[in-house]
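Below is one structure, written out as structure tokens; comments come after it.
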Amino acid sequence: MDECIKIYTRGGSVVISTHTENNAAHISIKDTGIGIPAEDVKKVFERFYRSEKSRNRKYGGSGIGLTISKQLVEAHGGTIWITSDPLQGTTVFIRLPYK
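For the sequence shown, the numbering used here begins at 1107 and goes up steadily by one.
Here it is as structure tokens:
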């Protein structure tokens, strides 16, 4: 969410959705920002990875936020993944099982 807020543009949106299904909580965080190029989506969970655009942006970050998120989600038996369309936005999906 931090990244969504940092790159928020006027008229854009960030939508957080939740539901339960098959003994798991499902969370999605969708923004209408600049999106992530396909070649970068595959790398966003790598430690210290920052796309070329984020290296040049005012709000670049350190490149560990999604790495830590993935480790936390997986430590709880869950999964996390991203879909993105350049110039349309990005969605982060999280699935966490519960007992």
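We treat Cβ as the ideally placed atom computed from N, Cα and C, and that holds for glycine.
In the DSSP annotation of this structure, the continuous segment of the beta strand (DSSP E) that includes Glu1127 starts and ends at Val1120 to Glu1127. When rounded, the separation of the alpha-carbon atoms in Thr1196 and His1125 is 19 angstroms. For Ile1188, the closest C-alpha among the options Leu1172, Pro1203, Ala1130 and Leu1178 is that of Leu1172.
Shown here, Val1198 sits in a strand according to DSSP, grouped into three states. The beta carbon of Leu1193 lies closer than 6 angstroms to those of Gly1141 in the same chain, with the five residues before and after it left out. A distance below 6 angstroms between beta-carbons, with the five flanking residues on each side excluded, links Val1198 to the following residues of its chain, in chain order: Ile1135 and Ile1188. Counting other Cβ atoms within 10 Å of its Cβ, Gly1183 stays below 16 and is therefore classed as exposed.
With contacts defined as CB atoms closer than 7 angstroms, Ile1133 and Ile1200 qualify as a contacting pair.
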